[in-house]
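Written below as structure tokens is the structure these notes are about.
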Ligand SMILES: C[S@@+](CC[C@H](N)C(=O)[O-])C[C@H]1O[C@@H](n2cnc3c(N)ncnc32)[C@H](O)[C@@H]1O
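Residue numbers (my numbering): 6 to 273.
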């Protein structure tokens with residue numbers, strides 16, 4: 006039987022053995038706790054010559070790359086803007102063309118609001134080999150933290166990941182008909198748009214009394230779980246103490262384990 010370390014070694018060797026030019030590994034870092042990384046993501050980090058990471062990826066995950074690996078932060082930092090997508094595309098292409106194993110590390114899953122589509126297109130156009138390594142997306146970690154299901158037999162037959170960007174009325178794309186059939190909505194990037202998200206949900210036919218669970222820092226030690234209803238969404242944006250990322254889950258399935266969610270709370 007394979008030991009954990011053998012499993013990790015085998016996964017890392019997979020990229021080391023590939024001859025010829027460099028490649029890009031588009032890696033999901035999960036919600037932010039190192040122990041929620043996949044084994045393959047850890048192996049990719051250990052094989053990395055260069056790690057290109059976003060601001061949402063905590064330092065203790067980036068630190069899993071070997072000391073010799075170059076780290077490049079392309080996220081927003083005090084006093085400077087994040088790199089543009091075009092700059093990131095050019096960076097990963099040029100690093101791979103120089104023969105390096107490039108880990109492009111993204112929070113959660115690269116394919117969920119992670120702009121991996123643009124990077125895949127750029128790598129394909131440039132003829133650079135790449136691989137996508139999935140990660141646990143924020144909504145999945147949040148549901149686990151709160152002890153709620155995303156789908157529930159007979160109650161919530163679907164789950165929809167949606168971004169609150171565009172909830173301001175500039176774009177209603179993707180929101181129409183969302184409330185039908187009792188499915189669960191996993192709303193990303195909605196922390197500062199609570200009132201707009203509420204209005205958008207009501208416009209799609211969702212009741213103000215529909216249960217909602219918002220999780221700050223899902224999947225991390227310092228997570229906080231806030232249980233309420235669609236009507237309460239504006240109050241999330243009014244809270245000045247929520248400084249971590251927040252994902253909002255809305256739908257009848259959130260009612261199932263509401264008391265348990267509250268008992269999971271780690272802070273007021
Ligand atoms: C640009 S999106 C990236 C999503 C990421 N690719 C994923 O699959 O989770 C950033 C948003 O994801 C959500 N998010 C990411 N990590 C989170 C976490 N640990 N806890 C709560 N929300 C998180 C927040 O809504 C945040 O504004």
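From the three backbone atoms N, C-alpha and C, an ideal C-beta is built for every residue, glycine too.
Between which two residues does the beta strand (DSSP E) harbouring residue i extend?
| i | result |
| --- | --- |
| residue 129 | Not the beta strand (DSSP E): residue 129 falls in the alpha helix (DSSP H), residues 121-131. |
| residue 135 | 134-138 |
| residue 110 | 106-111 |
| residue 117 | First-last for residue 117: undefined, no H or E at that position. |
| residue 168 | 164-168 |
What residues in its chain sit with their C-beta under 8 Å from that of residue i, if we drop five residues either side in the sequence?
| i | result |
| --- | --- |
| residue 192 | 167, 168, 169, 202, 252, 253, 254, 255 |
| residue 187 | 160, 161, 162, 256, 257, 258 |
Below 6 Å CB to CB, which residues in the same chain sit around residue i once its five sequence neighbours on both sides are set aside?
| i | result |
| --- | --- |
| residue 143 | 36, 113, 223, 252 |
| residue 2 | The structure shown does not extend to residue 2, since the chain is modelled only from 6 through 273, so no value can be given for it. |
| residue 207 | none |
| residue 49 | 30, 32, 108, 138 |
| residue 268 | In this prediction, residue 268 has a pLDDT of 47, which is less than 50 and means its spatial position is unreliable; nothing more can be read from the coordinates. |
| residue 258 | 154, 157, 160, 161, 189 |
Following the continuous alpha helix (DSSP H) through residue i, name the residue where it begins and the one where it ends.
| i | result |
| --- | --- |
| residue 13 | 9-21 |
| residue 150 | 143-151 |
| residue 197 | Run containing residue 197: none; DSSP gives neither H nor E here. |
| residue 185 | That residue, residue 185, is in no alpha helix (DSSP H); it is neither H nor E in DSSP. |
| residue 98 | 90-102 |
Given residue i, which residues of its chain have a CB within under 7 Å of its CB, disregarding the five upstream and five downstream residues?
| i | result |
| --- | --- |
| residue 8 | none |
| residue 117 | 142, 166 |
| residue 42 | 34, 35, 66 |
Can you tell me the Cβ-Cβ gap for residue i and residue j, rounded? I've got them flagged as a contact below 8 Å.
| i | j | result |
| --- | --- | --- |
| residue 76 | residue 67 | 6 Å |
| residue 65 | residue 105 | That pair is no contact at about 23 Å. |
| residue 231 | residue 241 | 7 Å |
| residue 70 | residue 17 | Between residue 17 and residue 70 the Cβ distance is about 11 Å, and since that is not below 8 Å, they are no contact. |
| residue 111 | residue 119 | 5 Å |
Would you say residue i faces chain E, with C-beta separation under 7 Å as the test?
| i | result |
| --- | --- |
| residue 49 | Considering every chain present, this structure includes no chain E. It has just one protein chain. |
Quick check: does the Cβ of residue i come within less than 6 Å of any heavy atom belonging to ligand 2?
| i | result |
| --- | --- |
| residue 117 | No copy of ligand 2 occurs in the structure displayed; its ligands are ligand 1 alone. |
**Message:** Runs of 3 residues minimum, wholly inside the stretch 208-268: which ones carry the beta strand (DSSP E) assignment?
**Reply:** List check, beta strand (DSSP E) in window: 216-221, 229-234, 251-255.
**Prompt:** Where are the alpha helix (DSSP H) runs, 4 residues long or more, that stay fully inside the stretch 27-87, in chain order?
**Reply:** 44-52, 64-67
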